[in-house]
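FYI, in numbering that gives the first Met the number 0 the residues of the sequence shown are 0 to 130.
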Amino acid sequence: MDIKLDITPFLVVIDATKAATFYEAAFDAIILEKYTNNGRTNARVRIGNADFWIGDEEPEFDNLSPTTIGGSAVRMILTTPDPDTIFAKALKAGATQICPVTVEEDWKIGKLKDPFGHIWEIGCPHSESIS
C-alpha cells in the first residue's frame, strides 16, 4: 500500500503571536498563515523547508504548553551548515542556552530553550559544518 504520510509538529505555547515573532527573529521563519478564533491564535510557520504549527493553549483539549506542564516532552532539531550563527541569532532573539555549540558524537550541535519552553537542538554533521 502506497499511502503518503507526513508529520507536522504543533507547538503549544502561551502567546502564539509572540512565539511567531520570536521564530521570525531567531530562525528567519515565515508565517504562512495566522488566525485568531475565540481569543486563541494559531499560525503555520516555515523554517527552511519545514512547516510546523504554533498555537495558544487549549486546556479543555489537554493542549498545554511547556510552561504549564513544567518542561518540554519533545525536542526540535534544526539542521543547518552554520549552527554557530543560527544559535547566536536565537540567543539574541531571547532563547536561553542549555548547551553551547560544540562537536558531540560527530555532530556540531548546541541546545537551547526558546522563550516558550520548547527545546531546540541546532546543528549538523560535523563534516557538513561551514562554521
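By construction, the Cβ of each residue, glycine as well, lies at the ideal position given by its N, Cα and C atoms.
Only buried fits Thr-79, as 16 or more other CB atoms lie within 10 angstroms of its CB.
Put simply, the backbone Cα of Ala-89 is about 13 Å away from that of Asp-81. When C-alpha distances from Gly-69 are compared across Phe-21, Ile-121, Phe-115 and Leu-4, the shortest belongs to Phe-115. Comparing alpha carbon positions, the residue from Ile-29, Phe-21 and Ile-129 closest to Trp-106 is Ile-129. Judged by DSSP in its simplified three-state form, Pro-65 adopts helix. Restricting attention to Ile-85, Thr-16 and His-125, the CA atom closest to the CA of Tyr-34 is found in Thr-16.
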